[in-house]
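See below for the structure under consideration.
There are 2 protein chains.
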Amino acid sequence: MAREQESVGALAPLAGYHLRRAWSAFSSDFSAAMEGTGLRQVPFAVLSVVAANPGINQGAVGRVLGIKRANMVSLINELVDKGLVDRAVDPNDRRAFSLKPTDGGTATLEDAVARIAAHEQRMLADLSPQEQATLLDLLGRIERRAPEIEEAA
Amino acid sequence: MAREQESVGALAPLAGYHLRRAWSAFSSDFSAAMEGTGLRQVPFAVLSVVAANPGINQGAVGRVLGIKRANMVSLINELVDKGLVDRAVDPNDRRAFSLKPTDGGTATLEDAVARIAAHEQRMLADLSPQEQATLLDLLGRIERRAPEIEEAA
DNA sequence: TATTGTTATACTCTATAACTATA
DNA sequence: TATAGTTATAGAGTATAACAATA
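Going down the list, the sequences are from chains A and B. Going by the working numbering, 93 is the number at position 93 of the first sequence; the sequence numbering is gapless. All you need for the working numbering is the position in the second sequence, starting with 1, plus 153.
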């Protein structure tokens, strides 16, 4: 007897539901792609932002990525402990740390970017380049509706 | 002095990154939309699947939604305790529970669906109906690349 | 032997509140 | 008074392993 196909009911037409499922699929394959590097999703994102903005401080990284200050602490500690990020007191503002990638961090980022390029190709294999561009455009227009991060007054 | 705009670096062209940010924006607004109902994202999804497939059991709900058996237990307990789902031993298979929505569960689901419709309209306000359909199509084609759930042998 | 549901447990991610040191 | 970073902590969400009852 053939397996009956269950319906997802009210979820079927919801963009939010499909966004979640698509993201979840990406997420699993991302982890597989990064296996052995010791870099997870969020630390990779932090390293990307630090590399693109040398001298940036923790709070700014958090605001760019939607991560709270309190949660940045252990993320940066982790990257510093792994020798991927250099943390130094900012001479212009001694409360803040100035962050920049180490040489090892730059190399690790390059390796990660190559792995992730392959991962993205896998996940988007059914979409034409035109459709991939459309997807980025549509997602970008949704993202802009996100609330700003950080403790509101 | 104008605030310098930080770059996200290597993240900028990644569909996975934008998927995550878009989902995150949806997620926050979903929580706000459901405020006061006591229904969160995953329990709502479970209730939707139970309502669409009366008599379904826990394991099947989990497989449809990508939730592990072990994690279904407290989800179903929660919905039963709230009086939204009815759980009875399946007479055809006494290992399994047959799940169906209570009258209260059906009413709660209807209320939730209305709130979520408004939430989706908010989040997709910048997209034409045509673009919304395109988004669902593209996400659906990504979702299909997700691995099947449950303890692989 | 396989499957349904269960318990116990652990790890990641995210959230809040209160603190310090500098500005 | 506001901001950068910190600590402690709590709640979701998700993962594994081992077990009982039933198929």
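Ideal placement from N, C-alpha and C gives every residue a C-beta, glycine not left out.
- Non-local C-beta neighbours of alanine 213 of chain B in its own chain, meaning closer than 7 Å and more than five positions away in sequence, are absent.
- A Cβ-Cβ distance of about 52 Å is found for the pair alanine 260 of chain B and leucine 109 of chain A, leaving them out of contact under the 8 Å criterion.
- Along the region 285-297 of chain B, going in chain order, the ones with a CB nearer than 8 Å to a CB of chain A are Gln285, Thr287, Leu288, Leu289, Leu291, Leu292, Gly293, Arg294, Ile295, Glu296, Arg297.
- Taking 8 Å as the CB threshold, proline 300 of chain B lines the interface with chain A.
- Distance from the CA of aspartate 90 of chain A to the CA of valine 80 of chain A, rounded to the nearest whole angstrom, comes to 16 Å.
- A residue is called buried when at least 16 other Cβ atoms come within 10 angstroms of its Cβ; glycine 258 of chain B meets this threshold and is buried.
- Look at the beta carbons and you see the region 216-227 of chain B not touching the region 171-181 of chain B: under three pairs across the two are nearer than 8 Å.
- Excluding the 5 residues flanking it on each side, serine 251 of chain B has same chain C-beta neighbours closer than 6 Å at Gly208, Ala241, Asp243, in chain order.
- Look at proline 196 of chain B here: in three-state DSSP terms it is helix.
- Between leucine 167 of chain B and glutamate 35 of chain A, the C-beta gap is not smaller than 8 Å, which leaves the two residues out of contact.
- For the 8 Å CB-CB criterion, leucine 192 of chain B and alanine 249 of chain B do not form a contact.
- Counting of Cβ neighbours within 10 angstroms places valine 73 of chain A among the exposed residues, the total staying below 16.
- Going by C-alpha positions, leucine 280 of chain B is about 14 Å away from alanine 271 of chain B.
- When secondary structure is reduced to three states using DSSP, leucine 237 of chain B falls in the coil class, being assigned neither helix nor strand.
- For the C-beta of glycine 191 of chain B, not a single chain A residue is nearer than 9 Å; the gap to the nearest is close to 17 Å.
- Contact residues of the region 196-210 of chain B toward chain A are Phe197, Ala198, Leu200, Ser201, Val202, Val203, Ala204, Ala205, Asn206, Ile209 (C-beta to C-beta distance below 9 Å).
- Proline 101 of chain A is classed as buried because its beta carbon has at least 16 other beta carbons within 10 Å across all chains shown.
- For the 8 Å CB-CB criterion, serine 201 of chain B and asparagine 53 of chain A do not form a contact.
- With a threshold of 8 Å between beta carbons, alanine 260 of chain B makes no contact with chain A.
- Shown here for aspartate 86 of chain A: same chain residues with a beta carbon closer than 6 Å to its own, the five before and five after excluded, namely Lys100, Thr102 in chain order.
- Under the 8 Å criterion on CB atoms, phenylalanine 97 of chain A is classed as non-interfacial with respect to chain B.
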